[in-house]
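Enquirer:
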Amino acid sequence: MAGSLQDQLLGAGLIDKKKAKKITAQQRQAKKKSRKTQTPIKDEAAELAKQVQQTQREKSQALNEQLKQAAEQKAIAAQIRQIIMMNQIDLEDQAKDTRSYNFSDQKKIKSLILSARNHELVTAGRIAIATSAGRYYLIPAEAAKKIQ
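In our numbering, each residue carries its 1-based index in the sequence shown increased by 575.
This is the structure:
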C-alpha cells in the first residue's frame, strides 16, 4: 500500500489519468489561494521574546543613564576640588592677631581661626570658605562663584 490515495485509485481503475491531473491542479490552486488570503499566524513566543527584549533594552538604557549621571557628578566634584586646590589662600596661622570666624556648614556652626586680614576679607565677601574632603579652605570670591 505504498503511494498516495490518488495512485491507489488510478491502480484500481476508479479514476483515469485526466481526472487525477485535474484533482492535483485543483488542490494546488486551493493551497495557493489559501496562502494568499490567509492572515499571518501570530507567533506568541516571538511576541513574548520581543517584549522581553524591549524591557531589557529599557532597563539597560535606564542603568546607562544612571551610570552616566554618576560619572558626570564625579567629574563635577573633581573639577570643584581642582578649583579649590588651585585657588586656596593660606590661613596664615600666626600667633599674633588671630580671630575666630564662625560660619554654618550643613546646619552646624563651625569655627575657623583666621588672621585679622583674612577675617576682614571674609566678612567683606572678597574671599569665601570652601570645603573639600572634610577640610575648609579660603578661596577668592570669583572661584567660589565658579563652584556654585
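Yeah, the Cβ is synthetic: ideal placement off N, Cα and C, and Gly gets one too.
What would DSSP say about Ala-705, mapped onto helix, strand or coil?
Expert: In the structure shown, Ala-705 sits in a strand (DSSP, three-state: E or B).
Enquirer: If distances are taken between C-alpha atoms only, which option among Met-660, Ala-699 and Asn-639 comes closest to Ala-708?
Expert: It is Met-660 whose Cα lies nearest to the Cα of Ala-708.
Enquirer: With Asn-662 and Ile-714 assumed to form a contact (beta carbons below 8 Å), what rounded beta-carbon distance in angstroms separates them?
Expert: Asn-662 to Ile-714, Cβ: 5 Å. Contact.
Enquirer: With the cut-off set at 8 Å, would you say Asp-680 and Thr-698 are in Cβ contact?
Expert: In this structure, Thr-698 does not lie closer than 8 Å to Asp-680 by Cβ.
Enquirer: With H, G and I counted as helix, E and B as strand and the rest as coil, what does DSSP make of Ser-690?
Expert: In this structure, Ser-690 counts as strand in the three-state DSSP scheme.
Enquirer: Quick check on this structure: which residue in Lys-682, Ala-718, Ala-600 and Leu-687 has the alpha carbon closest to the alpha carbon of Ile-655?
Expert: Checking every option, the nearest Cα to that of Ile-655 belongs to Ala-718.
Enquirer: Mapping the DSSP letters down to three states, classify Leu-713 as helix, strand or coil.
Expert: Reduced to three states, the DSSP call for Leu-713 is strand.
Enquirer: Across which residues does DSSP place Asn-677 in a beta bridge pair?
Expert: BP columns for Asn-677 point to Ser-686.
Enquirer: Distance check for Ala-620 and Lys-592, CA to CA, integer angstroms please.
Expert: So the two alpha carbons sit approximately 45 Å from each other.
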